[in-house]
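Undergrad: Count the sequence shown with our numbering and you get residues -17 to 271, in order.
The C-beta atom is built at its ideal place from N, Cα and C for all residues, glycine as well.
This structure is a prediction, so every number in the text was calculated from the model and none was measured.
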Amino acid sequence: MSIGWIGVGIMGEGMAACLLKAGRSLVVWNRDASKADALRAAYPELVTVAASAGDVVASCAVTYSMLSTLEASAAVFPGVLASVKPGKSIIDCATLTPERMAEMAAATVTAGGRFLEAPVSGSKAPAAQGALIFLCGGDAALYKEVQPDLEVMGKADFLFGPVGAGSKMKLVVNMVMGDMMVALSEGLALCGAAGLPCDADAGLLKVLDLGIMSNGMFRLKGPKMLKGDHAPNFPLKHAQKDMRFALGLGDQLGQALPCAAASNAAFIAARGSHGDEDFSAVYESQKTA
-17 MSIGWIGVGI
-7 MGEGMAACLL
3 KAGRSLVVWN
13 RDASKADALR
23 AAYPELVTVA
33 ASAGDVVASC
43 AVTYSMLSTL
53 EASAAVFPGV
63 LASVKPGKSI
73 IDCATLTPER
83 MAEMAAATVT
93 AGGRFLEAPV
103 SGSKAPAAQG
113 ALIFLCGGDA
123 ALYKEVQPDL
133 EVMGKADFLF
143 GPVGAGSKMK
153 LVVNMVMGDM
163 MVALSEGLAL
173 CGAAGLPCDA
183 DAGLLKVLDL
193 GIMSNGMFRL
203 KGPKMLKGDH
213 APNFPLKHAQ
223 KDMRFALGLG
233 DQLGQALPCA
243 AASNAAFIAA
253 RGSHGDEDFS
263 AVYESQKTA
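1) Find out if the Cβ-Cβ distance for the pair valine 31, lysine 70 is shorter than 7 Å.
2) So what does DSSP say about threonine 45, is it helix, strand or coil?
3) If distances are taken between C-alpha atoms only, which option among Pro108, Pro60, Lys150, Asp183 comes closest to phenylalanine 227?
4) Once the 5 residues before and after alanine 252 are set aside, which same chain residues still bring their CB inside 7 Å of it?
5) Between Ala243, Ala76, Trp11, Ser41, which lies nearest to alanine 33 when the distance is taken from Cα to Cα?
6) Per DSSP, which residues does arginine 96 bridge with? Please list them.
7) Decide yes or no for the touch test of the stretch 232 to 248 against the stretch 194 to 202: beta carbon pairs closer than 8 Å, at least 3 of them.
8) Could you give the residue range of the alpha helix (DSSP H) that holds phenylalanine 227?
9) Got a sec? Which residues, its chain only, sit under 8 Å from cysteine 173 by beta carbon, not counting five neighbours each side?
10) I'd like the list of long-range same chain contacts for arginine 82, defined as Cβ closer than 7 Å, with 5 residues on each side in sequence excluded.
11) Is isoleucine 115 helix, strand or coil by DSSP?
12) Rounding to the nearest angstrom, what Cα-Cα distance links proline 80 and alanine 24 in this structure?
13) Should serine 50 be labelled buried (16 or more other beta-carbon atoms within 10 Å of its own) or exposed?
14) Looking at methionine 159: is its Cβ nearer than 7 Å to the Cβ of cysteine 0?
15) I'd like the span of the beta strand (DSSP E) that includes aspartate 161, first residue to last.
16) Grab me the residues of histidine 256's own chain with a C-beta within less than 8 Å of its C-beta, minus the 5 sequence neighbours each way, in chain order.
17) Should serine 47 be labelled buried (16 or more other beta-carbon atoms within 10 Å of its own) or exposed?
18) Nearest CA to the CA of leucine 124: which residue from Gly236, Arg22, Ala43, Leu8?
19) For glutamine 234, does the count of other Cβ atoms within 10 angstroms reach 16, so buried, or fall short, so exposed?
20) DSSP has isoleucine -12 in a bridge; who is on the other side?
21) Who are the Cβ neighbours of alanine 110 in its own chain at under 6 Å, not counting the five residues just before and after it?
22) Which residues mark the beginning and the end of the alpha helix (DSSP H) in which leucine 141 is found?
23) With which residues is serine 103 paired in a DSSP beta bridge?
24) DSSP has aspartate 260 in a bridge; who is on the other side?
25) What would DSSP say about valine 66, mapped onto helix, strand or coil?
26) Could you spell out the range, first to last residue, of the alpha helix (DSSP H) harbouring leucine 202?
27) May I ask you to report which of helix, strand or coil DSSP gives threonine 30?
28) Taking only the alpha-carbon atoms, compute the straight-line gap between aspartate 19 and glutamine 222 and give it to the nearest angstrom.
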């Protein structure tokens, strides 16, 4: 039976393509129909484009959703819910608040369906490469059932507990990543202002890579940042959204997050002019601050 897929954006396109390359057939819907049509053109024997999100759920026992924002979720989920009944399962892979995930889970279960949150750690390239990390919460039996799909789309998957636990872990992960990006941006900015080399051959990036602070993100993003290449793999406006959600979680738990608060302020400062670029574009604001 076909798998349902809602959302063919920066992340959803690569994730859906991984399933298609593995031979899965998909029923697809996207708010911008041209993206769903392009996926069908690439895999004409495996992709059916549905007229609505509700039609996707009506046609499939299992439906994945990958939407970018709370606003997108709020706009699309009512149509999804209208088609939920016993025998239907929803797996939501977006980065939303734990409260939003809990609301959707409760509504899905009340309608007779099952729900699993499965936000991912990783950006555009890992999505296309099937190298995401799934951070799940919710129905344990459903998690086991869809693990073969998760293994096609990712390199690891975890079940952290009830709905909300996966989203909380995702917010922690993205908070740390945001802090790291702002720290790298400040370091490159200070290094450049001091007249020192920043490059990966004999400058700051090389020094960092030789020591305990060596990491894949600095190696990947650093040279691109110095060239002004901020082609979006993880848009800055979404990084800031996740920092805001993490700060909200910290406030609920009484956990001070001063570094995250400062990083969030840096992303906000860059959002107006660089929001649609990669989150590495925070460097453009930092080096002129």
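TA: With the given structure in hand:
1) One-based indexing of the sequence shown puts residue 31 at position 49. One-based indexing of the sequence shown puts residue 70 at position 88. Taking 7 Å as the Cβ cut-off, valine 31 and lysine 70 do not qualify as a contacting pair.
2) Locating residue 45 in the sequence shown gives position 63, where the first residue counts as 1. DSSP places threonine 45 in strand when its eight states are reduced to three.
3) Reading the sequence shown from its first residue, position 245 is the one you call residue 227. When only C-alpha atoms are compared, the closest one is Lys150.
4) As a first step, residue 252 is located in the sequence shown; it is residue number 270 there, counting from the start. Same-chain partners within the cutoff: Leu218, Ala263, Val264, Glu266, Ser267.
5) What you label residue 33 is simply residue 51 of the sequence shown in a count that begins at 1. Of the listed residues, the one whose Cα sits closest to alanine 33 is Trp11.
6) Here residue 96 corresponds to residue number 114 of the sequence shown, with the count starting at 1. DSSP lists Ser71 as partners of arginine 96.
7) no
8) To locate residue 227, count along the sequence shown from 1; it is residue 245. From DSSP, the alpha helix (DSSP H) with phenylalanine 227 extends over 218 to 235.
9) Reading the sequence shown from its first residue, position 191 is the one you call residue 173. Closer than 8 Å at Cβ, skipping near neighbours: Pro179, Cys180, Gly185, Leu186.
10) As a first step, residue 82 must be located in the sequence shown, where it is residue number 100. So the qualifying residues of the chain are Leu52, Ser55.
11) Your numbering for residue 115 matches position 133 in the sequence shown. Three-state DSSP puts isoleucine 115 in a strand.
12) Your numbering for residue 80 matches position 98 in the sequence shown. Your numbering for residue 24 matches position 42 in the sequence shown. Those two C-alpha atoms are separated by around 35 Å.
13) What you label residue 50 is simply residue 68 of the sequence shown in a count that begins at 1. Label assigned to serine 50: buried.
14) Walking along the sequence shown from the start, residue 159 turns up at place 177. Walking along the sequence shown from the start, residue 0 turns up at place 18. Against a cut-off of 7 Å, the Cβ pair of cysteine 0 and methionine 159 comes out as no contact.
15) As a working note, residue 161 is residue 179 in the sequence shown. Not the beta strand (DSSP E): aspartate 161 falls in the alpha helix (DSSP H), residues 147 to 175.
16) In the sequence shown, the residue the question calls residue 256 occupies position 274. Closer than 8 Å at Cβ, skipping near neighbours: His212, Leu218, Ala263, Val264, Glu266, Ser267.
17) As a working mapping, residue 47 is identified with position 65 in the sequence shown. Buried is the call here.
18) In the sequence shown, residue 124 corresponds to position 142, counting from 1. Comparing Cα positions, the closest option is Ala43.
19) Taking the sequence shown and counting its residues from 1, the one referred to as residue 234 is at position 252. Glutamine 234 is exposed by the Cβ-count criterion.
20) As a first step, residue -12 is located in the sequence shown; it is residue number 6 there, counting from the start. Isoleucine -12 is bridged to Trp11, Ser47.
21) By one-based count along the sequence shown, residue 110 stands at place 128. These residues qualify, in order along the chain: Gly(-4).
22) In the sequence shown, counting from the first residue as 1, residue 141 sits at position 159. It is not in any alpha helix (DSSP H) - leucine 141 instead sits in the beta strand (DSSP E) that spans 136 to 141.
23) Residue numbering aside, residue 103 sits at position 121 when the sequence shown is read from its first letter. Partner(s): Ile115.
24) Translated into positions along the sequence shown, residue 260 becomes position 278. In the DSSP output, where bridge partners are listed per residue, aspartate 260 has Pro217.
25) Walking along the sequence shown from the start, residue 66 turns up at place 84. Residue state, collapsed to three classes: coil.
26) The residue given as residue 202 occupies position 220 in the sequence shown. Looking at the DSSP string, the run of the alpha helix (DSSP H) that includes leucine 202 is 198 to 209.
27) Within the sequence shown, residue 30 is the residue found at index 48, counting from 1. DSSP places threonine 30 in strand when its eight states are reduced to three.
28) Residue numbering aside, residue 19 sits at position 37 when the sequence shown is read from its first letter. Residue numbering aside, residue 222 sits at position 240 when the sequence shown is read from its first letter. Aspartate 19 and glutamine 222: Cα-Cα distance of roughly 30 Å.
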